[in-house]
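S.K.: Quick one: the structure is below, questions incoming.
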Amino acid sequence: MNQLQSLRGMVDILPEQTQLWQAVELVAREQLQCAGFKEIRTPLLEVTDLFSRSIGEQTDVVGKEMYTFSDRGDRSCTLRPEGTASVVRAALEHGLLKQGPQRLWYGGPMFRYERPQAGRQRQFHQIGVECFGMNSPRCDVEVISIAWDLLDSLGLNDLALELNSLGSSEDRNRYRNKLVEWFQDRYEELDVDSQQRLQNNPLRILDSKDPKTQSLLREAPVLEEYLCNESSERFLAVQDSLKALQIPFKINPRLVRGLDYYSHTAFEITSKHLGSQATVCGGGRYDGLVEQLGGSATSGIGWAIGMERLMILLGDSISGPTSPDVYFINRGEEAQIKALVLARKLRAASMKVELDGSGASFAKQFKRADRCGAAWAMVLGDDEVSTGQVRIKKLHSHKDSSEKIEFLASANDLDRLLALLRD
RNA sequence: GCGGGCGUCGCCAAGUGGUUAAGGCAGCGGCUUGUGGCGCCGCUAUUCGGGGGUUCGAAUCCCCUCGCUCGCCCCA
1 MNQLQSLRGM VDILPEQTQL WQAVELVARE QLQCAGFKEI RTPLLEVTDL
51 FSRSIGEQTD VVGKEMYTFS DRGDRSCTLR PEGTASVVRA ALEHGLLKQG
101 PQRLWYGGPM FRYERPQAGR QRQFHQIGVE CFGMNSPRCD VEVISIAWDL
151 LDSLGLNDLA LELNSLGSSE DRNRYRNKLV EWFQDRYEEL DVDSQQRLQN
201 NPLRILDSKD PKTQSLLREA PVLEEYLCNE SSERFLAVQD SLKALQIPFK
251 INPRLVRGLD YYSHTAFEIT SKHLGSQATV CGGGRYDGLV EQLGGSATSG
301 IGWAIGMERL MILLGDSISG PTSPDVYFIN RGEEAQIKAL VLARKLRAAS
351 MKVELDGSGA SFAKQFKRAD RCGAAWAMVL GDDEVSTGQV RIKKLHSHKD
401 SSEKIEFLAS ANDLDRLLAL LRD
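Numbering of the first sequence is given in the working numbering, commencing with residue 1 and proceeding in unit increments.
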């Protein structure tokens with residue numbers, strides 16, 4: 001292929017699509033604002049260490065999916081594979097966490113070197129939130145409800161909320177030891193991937209899809225039974241609050257999530273219309289992360305929505321590009337300049353005006369006016385220049401009779417013109 | 001990273017070894033340089049993702065490569 005093309009897994013978002021993106025972004029921004037969130041923007045590029053230390057050396061993301069390279073100063077840099085680590089870093093770096101609880105949101109591209117497929121790209125977009133210093137299980141539920149309501153208000157039904165508790169890090173350590181011990185006796189029965197995971201990241205065995213491993217898991221120790229009292233009370237409190245908000249959920253004891261920093265509440269919002277990439281939104285609590293990155297112990301919770309997956313679900317439910325209010329037909333030396341001036345005035349009054357720049361025949365320009373779906377055609381030619389008029393004509397009226405409306409286009413009449421066009 | 005399917009114009013496609021690669025939509029030009037929508041006419045792929053091979057002859061068969069897609073892994 002001689003033609004230059006985008007890198008694998010890097011996708012252009014074309015004008016036809018950006019309309020939908022903007023609409024979604026607008027709704028998200030409004031809702032997050034209503035919930036007291038403030039936007040934070042962090043660099044796309046960070047020191048590699050940030051991700052390996054927060055996400056975990058043994059995770060797939062860090063192990064094989066990062067875009068990592070050395071810059072000219074020989075620093076190891078990585079294109080962010082997710083948002084949380086950067087937000088924590090920025091919050092620490094600028095002392096945000098010393099100023100009380102923080103509700104932050106972010107959006108933008110993330111990068112993971114994976115094999116692309118439906119709902120998965122190498123550059124993809126997330127919109128996410130991170131809260132700091134909010135401890136109560138009710139905060140978990142508030143945060144979940146914000147994601148749930150956002151998706152709901154975009155018209156998505158048919159979603160499922162899956163919930164689990166990973167307990168405190170002590171709980172998890174105890175459980176991990178038990179699990180490793182239990183599986184070591186049954187090592188030969190495990191699938192190859194899970195044998196590998198037994199070394200690196202034993203909890204990951206829980207969401208193995210291998211049938212044999214799955215049936216083994218039915219008898220294996222269950223994480224829930226290793227939660228200390230405090231942890232399981234917390235888990236129950238989360239469930240109670242969800243019920244109070246009447247948000248339906250399903251407990252999934254095998255929901256582990258691939259990033260090491262999660263603790264206690266972990267959740268995913270999934271759709272069955274997404275093939276094997278079912279998760280539209282994933283998140284959870286990460287109480288140890290801030291400390292792990294050098295801050296003082298601060299609780300954290302957040303989620304991220306995958307924009308591309310959201311777009312798949314939205315499909316073509318929202319209409320395409322909007323057509324202009326006015327298509328401005330103009331022809332002749334002086335007329336074209338007058339049209340330029342008038343178009344600018346109309347735009348200043350928030351009219352969507354498409355100015356024909358071709359100087360082609362009136363018939364031709366009318367044809368374009370019609371095709372672009374404009375509500376009105378406005379005409380300015382030599383005749384209009386001499387009389388100081390413009391003509392407007394309602395398009396798509398299906399009447400053959402001429403509907404030319406004539407009037408003066410002096411500055412004083414601009415309001416009258418606008419009133420007619422807005423009709 | 002591993003396995004399956006696919007790749008003909010901007011889009012949807014016919015064609016499965018034999019003279020100039022259908023058709024539809026969109027686009028452009030004309031009939032109509034002061035009036036669009038309808039109609040009619042014309043134009044738009046020296047070439048079938050790219051490269052190599054087999055053959056008198058390849059979009060059609062073989063190999064390699066790139067891309068897309070689906071599944072696995074994992075995640076948003």
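Where is the CB? At the ideal position from N, CA and C, for every residue including glycine.
State the start and end residues of the unbroken beta strand (DSSP E) segment that holds Lys393.
M.R.: As a working note, residue 393 is residue 393 in the first sequence. Lys393 -> beta strand (DSSP E) spans Gln389 to Lys394.
S.K.: Can you give me the C-alpha to C-alpha distance between Ser6 and Ile13, rounded to a whole angstrom?
M.R.: Locating residue 6 in the first sequence gives position 6, counting from the first residue. Locating residue 13 in the first sequence gives position 13, counting from the first residue. Using only the alpha carbons, I get a separation of about 12 Å.
S.K.: Using only alpha-carbon positions, find the residue among Arg285, Arg416 and Gln277 that is nearest to Gln117.
M.R.: For the purposes of this step, residue 117 is taken as the residue at position 117 of the first sequence. Here the closest residue by C-alpha is Gln277.
S.K.: Beta carbon of Thr270, beta carbon of Ala339: below 7 Å?
M.R.: The residue you call residue 270 lines up with position 270 of the first sequence. The residue you call residue 339 lines up with position 339 of the first sequence. No; because the gap between Cβ atoms is not below 7 Å, this pair is not in contact.
S.K.: Would you identify the three-state DSSP class for Lys38, choosing helix, strand or coil?
M.R.: Start at 1 with the first residue of the first sequence, and residue 38 comes out as number 38. Of the three classes helix, strand and coil, the one that applies to Lys38 here is strand, per DSSP.
S.K.: Excluding the 5 residues flanking Ile55 on each side, which residues of the same chain have their C-beta closer than 8 Å to its C-beta?
M.R.: Here the question's residue 55 lines up with position 55 in the first sequence. So the qualifying residues of the chain are Val61, Val62, Pro81, Glu82, Ala85, Leu259, Asp260 and Tyr261.
S.K.: Please specify which runs of the alpha helix (DSSP H), each continuous and at least 4 residues long, are wholly inside the segment 142-197, giving them in chain order.
M.R.: Counting whole runs of 4 or more residues, the segment 142-197 contains the alpha helix (DSSP H) stretches 169-184.
S.K.: Give the range of the alpha helix (DSSP H) segment to which Arg422 is assigned.
M.R.: Taking the first residue of the first sequence as position 1, residue 422 is located at position 422. Its alpha helix (DSSP H) spans residues Leu414 to Arg422.
S.K.: Please check the pair Pro202 and Val180, which I expect to be a contact at CB under 8 Å, by giving their CB distance rounded to whole angstroms.
M.R.: If you number the first sequence from 1, residue 202 lands on position 202. If you number the first sequence from 1, residue 180 lands on position 180. Yes, they are in contact, since the Cβ atoms of Pro202 and Val180 sit about 5 Å apart, within 8 Å.
S.K.: Give the DSSP-derived three-state secondary structure of Gly275 in the structure shown.
M.R.: Walking along the first sequence from the start, residue 275 turns up at place 275. Of the three classes helix, strand and coil, the one that applies to Gly275 here is coil, per DSSP.
S.K.: In the DSSP assignment, the alpha helix (DSSP H) including Thr78 goes from what residue to what residue?
M.R.: Translated into positions along the first sequence, residue 78 becomes position 78. Unbroken run through Thr78 is the beta strand (DSSP E), Ser76 to Leu79; no alpha helix (DSSP H).
S.K.: Would you mind working out which of Gly373, Ala374, Gln389 and Tyr226 sits nearest Leu380, comparing C-alpha positions?
M.R.: If you number the first sequence from 1, residue 380 lands on position 380. Out of Gly373, Ala374, Gln389 and Tyr226, Gln389 has the C-alpha closest to the C-alpha of Leu380.
S.K.: Please return the same chain residues whose Cβ sits closer than 6 Å to the Cβ of Met134, not counting the five positions on each side in sequence.
M.R.: By one-based count along the first sequence, residue 134 stands at place 134. Around Met134: Pro101.
S.K.: Between Gly275 and Ile301, how many whole angstroms is the CB-CB distance? I'm expecting something under 8 Å.
M.R.: Start at 1 with the first residue of the first sequence, and residue 275 comes out as number 275. Start at 1 with the first residue of the first sequence, and residue 301 comes out as number 301. Going by Cβ atoms, the distance from Gly275 to Ile301 rounds to 28 Å, so no, they are not a contact pair.
S.K.: Please report the straight-line C-alpha distance between Lys250 and Glu268, rounded to a whole angstrom.
M.R.: Here residue 250 corresponds to residue number 250 of the first sequence, with the count starting at 1. Here residue 268 corresponds to residue number 268 of the first sequence, with the count starting at 1. Going by the C-alpha atoms only, they are around 10 Å apart.
S.K.: Please determine if the segment 101-114 and the segment 184-204 are in contact, where contact requires at least 3 C-beta pairs separated by less than 8 Å.
M.R.: No, they do not touch.
S.K.: Straight-line CA distance for Ala425 to Val143?
M.R.: Absent from the structure is residue 425, since the part of the chain shown begins at 1 and ends at 423.
S.K.: Quick one: residues in its chain with C-beta nearer than 8 Å to the C-beta of Asp193, no 5 flanking neighbours on either side, listed in chain order?
M.R.: Mapped onto the first sequence, residue 193 falls at position 193. Correct list, in chain order: Ser208 and Asp210.
S.K.: Taking 8 Å as the cut-off, does the segment 153-170 touch the segment 231-242 (at least 3 CB pairs, one atom from each stretch)?
M.R.: Taking 8 Å as the limit for Cβ pairs, the verdict is that the segment 153-170 does touch the segment 231-242.
S.K.: Is it buried or exposed, Val238, if we count other Cβ atoms within 10 angstroms and call 16 or more buried?
M.R.: For the purposes of this step, residue 238 is identified with residue 238 of the first sequence, where counting begins at 1. Buried is the call here.
S.K.: Does DSSP put Ile55 in a helix, in a strand, or in coil?
M.R.: As a first step, residue 55 is located in the first sequence; it is residue number 55 there, counting from the start. Looking at Ile55 - three-state DSSP - the assignment turns out to be helix.
S.K.: Excluding sequence positions up to five away, which residues of its chain have a Cβ less than 7 Å from the Cβ of Ala343?
M.R.: Residue 343 sits at position 343 when you count from the first residue of the first sequence. Excluding positions up to five away in sequence, the list reads Phe328, Val353 and Leu355.
S.K.: Indicate the three-state DSSP secondary structure (helix, strand or coil) for Ser401 in the structure shown.
M.R.: As a position in the first sequence, residue 401 is number 401, starting the count at 1. Residue confidence for Ser401 is low, a pLDDT of 46 falling below 50, so the modelled location carries little weight and cannot support an answer.
S.K.: For Phe235, I'd like the list of residues in its chain whose CB is within less than 6 Å of its CB, leaving aside the five on either flank, ordered along the chain.
M.R.: As a first step, residue 235 is located in the first sequence; it is residue number 235 there, counting from the start. The answer, listed in chain order, is Ser165.
S.K.: Straight-line CA distance for Leu418 to Ala349?
M.R.: Working through the first sequence from its first residue, we reach residue 418 at position 418. Working through the first sequence from its first residue, we reach residue 349 at position 349. Spanning the two alpha carbons is a distance of roughly 8 Å.
S.K.: Per DSSP, what are the beta-bridge partners of Pro109 in this structure?
M.R.: If you number the first sequence from 1, residue 109 lands on position 109. Bridge partners of Pro109: His125.
S.K.: Whole angstroms are fine: how far does the CA of Leu421 sit from the CA of Asn412?
M.R.: Locating residue 412 in the first sequence gives position 412, where the first residue counts as 1. Locating residue 421 in the first sequence gives position 421, where the first residue counts as 1. Computed Cα separation, rounded: 16 Å.
S.K.: Need the endpoints of the beta strand (DSSP E) that Asn330 sits in, please.
M.R.: In the first sequence, the residue the question calls residue 330 occupies position 330. Per DSSP, Asn330 belongs to the beta strand (DSSP E) from Val326 to Asn330.
S.K.: Nearest CA to the CA of Glu224: which residue from Asp191, Leu242, Asn173 and Gln246?
M.R.: The residue given as residue 224 occupies position 224 in the first sequence. Of the listed residues, the one whose Cα sits closest to Glu224 is Asn173.
S.K.: By a C-beta neighbour count over all protein chains shown, 10 Å radius and 16 as the cutoff for buried, is Asn157 buried or exposed?
M.R.: Your numbering for residue 157 matches position 157 in the first sequence. Asn157 comes out exposed.
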